[in-house]
Each structure stands twice: as structure tokens, then as C-alpha cells.
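Chains W and S supply the protein sequences, listed in that same order.
Quick note on my numbering: the first sequence kicks off at 1 and runs consecutively.
Quick note on my numbering: the second sequence kicks off at 1 and runs consecutively.
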Amino acid sequence: MKSVIQINDIKKIYHIGEIDVHALRGVNLSVNEGEFISIMGPSGSGKSTLMNLIGCLDEPTSGKYELDGIDVSSLSKDEYADVRNQKIGFVFQGFNLLPRTTALENVELPLLYDRNHRIKDPIKAAKEALERVGLAERIDHVPSQLSGGQQQRVAIARALVNKPSIILADEPTGNLDTKTSIEIMSVFQELNDQGITILLVTHENDISYYTRRIVKLRDGRIIKDEKPQKIHIASKDLELVEEDI
Amino acid sequence: MLQLKNMFKVSYKSIMKNRMRSLLTSLGIIIGVSAVIVMVGIGSGSQQRIEQEIASMGDNMIIVFPSFSQRGGVSRGAGSFNRMTMEDVEAIQKDATCLKYISAIVMSSGQVIANGKNWNTSIQGVDPDYQHIRMWKLKSGEFFTEKDIRARKKVAVIGQTVAENVFGNIDPVGQKIRIRNTPFKVIGVLEPKGQDGRGQDQDDIIYAPSTTVLTKLKGDRYINMINASATTLEDIPKAQEELADILRREHKIGYGKEDDFMVANQTSITEMASETSRIMTMLLGAVAAVSLIVGGIGIMNIMLVSVTERTREIGIRLSLGARSGDILTQFLLEAVVLSLTGGLIGIILSLAIAGILNTWTEIYTLINPLIAVLSFSFSGAVGIFFGFYPARKASVLNPIDALRYE
């Protein structure tokens with residue numbers, strides 16, 4: 001299996017005034033292609049910091065981070081931006097779509113910053129990505145005309161469109177009700193079945209059961225790295241939920 | 001750098017998504033640019049009018065008028081010692097080589113009565129050449145002749161305003177008119193000439209032979225002015241010299257003594273007048289340019305607010321792989337597009353204002369294309385200058401903080 005993420009002894013220290021906050025105290029993590037992994041932990045455990053480091057939004061204080069074979073720790077700010085554009089797809093808790101901008105235009109956005117022009121036809125690629133998340137019918141809708149679940153699907157399509165090495169999802173179901181959360185997890189599972197690597201940060205156990213590997217953080221260290229006893233299948237759970245109603 | 005086309009697309013979209021805000025942002029520039037163009041247009045319009053009017057004043061015209069005189073060190077002001085006489089005119093007529101026309105001017109004014117109506121106007125005594133110096137055609141009748149001058153005939157040529165106000169619909173030619181109780185015969189009516197550079201009605205006038213006015217109306221021997229035409233435009237300086245020499249001789253002004261007359265020509269008057277209106281144009285333009293700069297500050301203001309308001313958008317773009325240079329370009333382009341669009345609308349607006357002014361009011365506006373181009377490029381520069389600070393502020397945002405911004 002090809003390794004997508006290789007993290008060795010990463011530390012992150014924030015200097016807040018005169019106090020040093022050790023957000024990460026030496027984390028080792030290896031993620032292979034095709035994995036579906038959830039990072040769990042209470043608030044303050046360092047999971048958001050780890051997420052930001054993996055997403056190349058922030059630099060580690062020390063340690064080595066290889067993304068898709070590239071040593072990211074030595075890159076410049078602009079190269080960081082390019083790595084985010086080419087190799088990472090973000091899905092956020094608050095969707096973070098551009099308001100008053102159609103679903104299609106939102107999904108096209110990452111391709112606008114694609115300096116290598118890997119994707120020749122941005123509109124076609126954006127349409128395909130929206131089809132993959134089941135929103136082919138709503139490409140001309142603006143976020144305010146879409147439900148929370150639909151907005152998150154647009155966000156997932158946006159994360160997919162530039163064919164990234166990994167999708168990073170930060171509490172993607174945090175703003176959604178149970179049923180919609182399961183729907184979104186089913187989208188992720190479907191994408192993972194197609195071979196897409198997904199790393200998801202959550203504090204909900206129920207959500208982590210839909211992933212294939214659970215990493216637990218506490219006080220800046222990994223305390224557990226295991227497979228869930230039973231992997232839930234979101235599409236099946238969705239049928240159950242619908243029967244309940 | 002990304003493709004500029006893409007960046008323009010981004011900027012254009014975000015401008016169109018905030019139409020009202022964009023319009024308000026551009027408003028300062030719109031007003032600034034149109035103010036500059038219209039103000040300078042009004043300035044150069046009036047300048048052109050003055051120049052045209054002075055040109056129409058006469059044919060290579062030279063004007064001689066009495067100068068201030070000093071007696072025992074006391075200056076008595078212009079024209080205080082009027083020594084020019086008909087003899088001076090005759091001497092010039094005899095000796096000057098570069099003049100084609102010459103006329104004495106005797107100024108008077110008073111009440112005129114005819115046709116049961118009366119009117120107050122100016123009466124000028126002139127010589128037959130005056131008609132040619134002023135290039136003034138007759139509407140009807142004829143101008144008086146050298147014979148009339150010698151005979152001090154009581155004949156008059158009247159302007160359009162006088163004709164209308166005194167005679168109404170009657171043909172004035174052949175009619176009697178009493179000028180300060182002296183009966184004159186109207187022998188001609190001049191074509192209307194309109195207002196002069198100072199807004200004075202040039203048609204509100206009566207011309208009579210210089211000798212008649214001097215002796216019968218004024219009972220004086222001094223004339224007020226001499227008007228003359230040089231043979232050619234190039235001869236004007238030489239003719240002026242000649243005139244001055246003859247007058248100095250006639251007035252017996254010794255070497256090193258001050259002249260008691262002044263010789264001016266049309267060009268020098270033109271220069272003086274257009275210098276005045278040029279300064280006015282510059283002042284108007286400067287005031288308008290200030291409003292353009294204020295417009296630029298308006299852009300900076302709105303852009304700064306917009307950067308704060310769109311912090312999250314900037315965070316999203318950064319997380320999706322925008323470099324900070326891309327963000328800088330985007331916001332800078334937005335500022336420039338806003339100011340250039342404002343500049344363009346301003347140009348259109350100024351054309352509309354100029355059209356309205358020229359059609360409906362007395363103000364004549366002359367749009368200078370160079371000023372339009374200049375203020376348009378200046379508005380672009382204003383956009384870059386005042387857009388840079390907000391754009392820079394946007395580009396240095398940290399993506400994590402920007403994403404978290406509520």
C-alpha cells in the first residue's frame with residue numbers, strides 16, 4: 001500500500017503571551033492510500049491542530065511530515081498553498097461555501113487556483129463532482145437555496161474536484177441532524193469504496209463507527225489507534241432511520 | 001501569477017454580487033471624473049469663446065488709448081490726461097506704412113428719441129474705416145463716407161438692439177433720430193453681433209461720423225481711442241512701433257520720457273484674457289481633482305470594510321489553494337475595476353452634462369478628450385493606490401484565523 005501521510009514525531013507549541021501551549025507532543029501517524037480514518041478526542045486534545053498541520057494550513061514546530069512522498073516541512077508559503085490546491089480537499093463543519101455563488105461555481109473554485117491546469121475542462125469536472133455526491137439537479141442553486149446536507153454535499157464535491165490525494169473533513173456532521181449526518185457519512189463511504197483516502201475529525205463515537213480506523217488523541221498524544229469492533233454501513237442505517245420515522 | 005483572465009472573472013463576479021455596494025463605491029470616482037471633465041470643459045469652453053470673440057473684434061486690430069500721465073510725481077490714472085486729437089489720426093494716416101485702416105473713436109452716450117420712443121445707448125463717433133477694422137457688415141442701408149466726415153454730417157448707423165427698441169418693425173433707414181436733442185438721419189443698420197467677451201451687448205450702439213460727435217455732441221477736441229488695422233498679421237509689431245513713433249513725435253515726447261498713450265494689439269489682449277481663463281480652468285480642475293482623490297479614499301474605505309466582511313471568503317479561498325498573491329491580485333483588481341468602471345461612467349456622465357449645459361444653458365462646455373483620457377487613467381491610478389492597502393491586508397490573513405472568523 002502506498003503511503004499518503006507519513007508523520008514522524010510532530011510537535012506543535014503555541015506561544016500565547018509568556019505561556020507555551022503544547023498542542024501536540026510528538027505524534028506519529030501513517031495513513032495509506034484508500035484508508036478511511038477518524039481522529040477523535042475531547043476538545044483541547046490537539047485534533048484540530050493535527051488536522052491543520054495535515055491540511056498544510058499550519059506548520060509544525062518540529063518533526064517531519066511527508067504528504068504523498070513530498071517533505072512538506074521545508075516548503076514555502078506559496079508552495080503550501082499549491083499543496084493545498086493539488087493534494088488536499090477540505091470539508092468543514094460550517095460548509096464554508098461562498099454565499100450568493102451557485103453550487104457549480106463553488107465547486108469550480110479550487111480549479112481557479114490550479115496552476116498546473118491538470119484539469120482541462122473545469123465546468124465538466126465540477127459537474128461530474130456534483131453528480132458523484134448526488135446533486136446533479138441543483139448545480140445552479142446558491143447555498144441559501146440548499147439544505148444543510150445539500151450544502152455539505154456541495155462542499156464534498158468541491159473537495160473532490162481537484163482529484164486530491166486525501167480528503168480532510170473537520171467535524172463534517174457537526175452542524176447536521178442525525179439523519180443528514182448518516183447521509184453525509186454514506187457519501188463518504190461511497191467515495192472511500194471508490195478508493196479515495198479520507199481523514200475525518202469528529203468527537204462523536206457514532207460517526208467514527210462509519211470509518212475503518214479510529215485514532216484517539218488526548219493531551220497532544222495518540223492514545224489509541226484501532227479498528228472499530230464493527231464498521232457501520234451508513235446506507236443500511238439510513239434505511240433503518242427512515243423506517244423509524 | 002494565475003491567468004489574469006481567471007482573476008478578472010473572480011473580481012467581476014464579486015463586484016456583480018454586490019451591485020449596490022459596488023455602485024456606491026464607484027460613485028465617488030464617477031462624480032470625481034465627471035467633475036474634472038466638466039469643470040475643465042467649462043473652463044476651456046469659456047477660454048475658446050473669449051479667444052473667438054477677441055478674434056472677431058477686428059482685423060489685425062491695434063488699439064491706441066491715452067495712458068496715465070504724471071504731473072509732479074502724481075499719477076492721475078489711465079486716461080486722466082487725454083491728449084489724443086484728430087490731428088494725431090491725420091498724422092498717422094499720412095505717415096504710417098503698415099496700416100490699412102485707421103479710425104478715431106469718440107465715445108459718448110445719452111438718450112435717443114425717435115418714433116415716439118426713447119432709449120439710452122452709447123454713441124460712438126468713428127471714421128468710415130471703422131466698419132472694416134471691426135469687419136462689421138450692414139444689414140441695410142450704408143455706412144457713412146469720408147465726405148460725411150469732412151462735412152460733419154448728422155448721419156447715424158445704428159445697431160440691431162437700438163433698431164429693435166426704437167423703431168420696432170419700421171425700417172429705420174431714412175428715419176430721423178434725435179440724439180441728445182440733435183436730429184440725425186439713420187442711414188444704415190448693422191448686422192447683429194451679439195455679446196462681447198465681457199457679456200456686453202455690442203448691438204446696443206449708434207455710430208456717427210467722428211467729427212460730428214466730437215463737435216456737435218461733445219464740443220471737445222480730444223478723442224478717446226484710435227483703432228487701426230495692420231496690413232498683415234506679421235506687420236502688427238512693426239505697425240505698433242510706427243504708431244508709437246508718430247505719436248511721440250506729434251506729442252513732442254523727448255527721448256527717455258514716458259509715453260502718454262498706450263498701444264495694444266489684439267494678440268496681447270487675447271493672451272491676457274486666455275491667461276485669466278486658463279488660471280480659472282486650472283483652479284476648477286484642481287478642485288475637481290480633489291473630489292477624485294476623495295473618491296479614491298471612498299474606495300479604500302469600502303474595500304477595507306469589504307475585506308473584514310469577507311474574511312471568511314478569503315479563508316475559504318486560501319484553504320482551497322489560493323496564494324496570498326492571488327488574494328492581493330483579486331482585491332487590487334476589484335478596486336481597479338471599480339475605479340475604472342467609475343471612470344468610464346464618469347466620462348459618459350460628463351458628456352451628458354456637457355450636452356445638457358450646451359443645449360439648455362448659456363454655459364459653453366468644450367470637452368477635451370485628453371482630459372477625459374487623463375482623468376480616466378488617474379482614476380485607475382487612484383484605484384491601485386487606494387486599493388493596495390486593503391488588498392495587502394486581505395492577502396496577509398492567516399487561513400486558519402480567517403476560516404474561524406465569524
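The beta-carbon is built from N, C-alpha and C at its ideal position, and this holds for glycine as well.
None of the values given here were measured: they were computed from a predicted structure.
Beta-bridge annotation (DSSP): residue 183 of chain S is paired with S/178.
A distance below 6 Å between beta-carbons, with the five flanking residues on each side excluded, links residue 346 of chain S to the following residues of its chain, in chain order: 30, 33, 34.
Going by C-alpha positions, residue 194 of chain W is about 44 Å away from residue 305 of chain S. For the region 386-405 of chain S, the set of positions with a beta-carbon nearer than 9 Å to some beta-carbon of chain W reads 398, 399, 400, 403 in chain order. For residue 20 of chain W, the CB contacts under 7 Å within the same chain, skipping 5 residues up- and downstream, are 13 in chain order.
The shortest C-alpha to C-alpha distance from residue 355 of chain S to any of S/25, S/37, S/24, S/4 is the one to S/37. Contact between the region 173-187 of chain W and the region 147-159 of chain W is established, with three or more Cβ pairs separated by less than 8 Å. Residues of the same chain with a CB within less than 6 Å of the CB of residue 188 of chain W, apart from the 5 flanking positions on each side, are 198 in chain order. Under the Cβ criterion of 7 Å, residue 90 of chain W is counted among the residues facing chain S. The Cβ of residue 81 of chain W sits closer than 7 Å to at least one Cβ of chain S. In the three-state DSSP reduction, residue 195 of chain S falls in the strand class (E or B). When DSSP assignments are scanned along the region 101-133 of chain W, the uninterrupted stretches of alpha helix (DSSP H) that are 4 or more residues long and fall wholly within it turn out to be 103-112, 122-132. In this structure, the alpha-carbon of residue 111 of chain S lies about 14 Å from that of residue 158 of chain S. With a cut-off of 8 Å on Cβ pairs, the region 38-53 of chain S is not in contact with the region 317-330 of chain S, counting fewer than three such pairs.
For the set S/372, S/243, S/137, the Cα lying nearest the Cα of residue 348 of chain S is the one of S/372. By the criterion of a C-beta distance shorter than 6 Å, residue 10 of chain S is surrounded in its chain by 330, once the five residues flanking it on both sides are discounted. Interface with chain W (7 Å Cβ-Cβ cutoff): residue 23 of chain S is excluded. For residue 287 of chain S, there is no enclosing beta strand (DSSP E); the enclosing alpha helix (DSSP H) covers residues 266-309. Proximity to residue 169 of chain S across S/115, S/155, S/273 peaks at S/115, based on C-alpha coordinates. Here residue 160 of chain W is actually not in contact with residue 220 of chain W; their C-beta atoms are around 31 Å apart, not less than 8 Å.
The alpha carbon of residue 179 of chain S has as its nearest neighbour, out of S/280, S/125, S/8, S/221, the alpha carbon of S/125.
Per DSSP, reduced to three states, the secondary structure at residue 156 of chain S is strand.
Contact annotation for residue 313 of chain S against chain W: 98 [CB-CB distance below 7 Å, chain order]. Here the alpha carbons of residue 161 of chain S and residue 268 of chain S stand approximately 30 Å from one another. Around the beta carbon of residue 286 of chain S, fewer than 16 other beta carbons lie within 10 angstroms, which makes this residue exposed. Contact annotation: in the region 319-342 of chain S, residues whose CB is within less than 8 Å of a CB in chain W are 319, 320, 321, 322, 323, 324, 325, 326.
The beta strand (DSSP E) runs lying completely inside the region 7-51 of chain W and spanning 3 residues or more are 19-32, 36-40, given in chain order.
Closer than 7 Å to the CB of residue 52 of chain W there is at least one CB belonging to chain S. When Cβ pairs closer than 8 Å are counted between the two stretches, the region 144-158 of chain S is seen to touch the region 187-205 of chain S, the count reaching three or more. At least 7 Å separates the CB of residue 140 of chain W from every CB of chain S.
With 16 or more neighbouring CB atoms inside 10 Å of its own CB, residue 273 of chain S falls in the buried class. Using a Cβ-Cβ cut-off of 7 Å, residue 316 of chain S counts as an interface residue toward chain W, since at least one Cβ of chain W sits closer than that to its own.
The beta-carbon of residue 6 of chain S is placed less than 7 Å from the nearest beta-carbon of chain W. By the CB criterion at 7 Å, residue 284 of chain S and residue 28 of chain S fall outside the cutoff.
The straight-line gap separating the alpha-carbon atoms of residue 275 of chain S and residue 48 of chain S is approximately 12 Å. With respect to the 7 Å criterion, residue 67 of chain S and residue 262 of chain S are classified as neighbours on the basis of their beta carbons.
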